Amino acid sequence: MKILEERDKFLCNFEVTEHLNSIKSKYNWTFKEEENDKKKNKKRFTACGLNLEEITRDLSSYLENNSSSAITTQEAFKELMIHLNGLELMKVEKLQIVNSLPRSMVHLYALVEECDQRFDEETCEGIINKINDLFPIEEQEEEEEEGEEGEEEKDDQFEDAEDLP
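Numbering (the working numbering), first residue to last: -6 to 158.
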């Protein structure tokens, strides 16, 4: 196999999702669980091949369940990129921020190399606040995170109680 064109840019998950949606609309594919079960038993022909349809379906379902699925509009994506372009970030760091949408300083520090030396705390909080403004977390997800923290506190209390004579 010969490479015709080398990679000339990185794509974030949102851009890949947009491309897959255009392929789905081009071939009029609908991916529903009920249809998949029926279609497995039947042989069928698609204009571009069954493999492309399967890969598109699987990758679309993965990206929809991913954390970056919070990006739903082109405008919000552009606004986030404009904000990130104002900072001295490498392309790979911007890509990681867009794909994972960090909600805490710890997560942001893990994505940006030497973040504490390159940026002050206000700049880092500005990135997180921009993400929270553009892509707010649903209440159910916040409650789950708080519930997990509460369980950890209870475990610590039980461990402390076990240490008592």
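Ideal Cβ positions, reconstructed from N, Cα and C, are used throughout, including at glycine.
Given the structure is predicted, the values throughout are model-derived calculations rather than measurements.
Per-residue burial, residue i [other beta carbons within 10 Å of its own, 16 or more giving buried]
i      : result
Asn34  : In this prediction, Asn34 has a pLDDT of 44, which is less than 50 and means its spatial position is unreliable; what the coordinates show is noted afterwards. That one is exposed.
Leu94  : buried
Phe7   : buried
Leu82  : buried
Asn122 : exposed
Nonlocal neighbours in the same chain, by C-beta distance under 8 angstroms from residue i, ignoring five residues either side
i       : result
Cys108  : Leu101, Tyr102 and Cys117
Leu80   : Phe112, Thr116 and Ile120
Glu(-2) : none
Ala69   : Leu127 and Phe128
Short Cβ contact (8 angstroms threshold) for residue i with residue j
i      : j     : result
Leu77  : Ile90 : yes
Glu106 : Glu86 : yes
Leu104 : Phe3  : no
Leu45  : Val9  : no
Ser53  : Leu13 : yes
Whole-number beta carbon distance between residue j and residue i, since they are thought to touch under 8 angstroms
i      : j      : result
Arg160 : Ile124 : This structure cannot speak to residue 160, because the chain is shown only from -6 to 158.
Lys17  : Thr66  : With 8 angstroms as the limit, Lys17 and Thr66 do not qualify as a contact, their Cβ atoms being about 18 angstroms apart.
Cys5   : Asn59  : Not a contact, Cβ separation roughly 11 angstroms.
Contacts around residue i, its chain only, beta-carbon distance under 6 angstroms, and the 5 residues preceding and following it disregarded
i     : result
Leu73 : Leu127
Closer than 7 angstroms: residue i CB and nearest the ligand HEM heavy atom
i      : result
Leu104 : This structure simply doesn't include the ligand HEM, nor any ligand for that matter.
Sequence-distant residues of the same chain with beta carbon closer than 7 angstroms to residue i, five excluded per side
i     : result
Ser62 : Leu56
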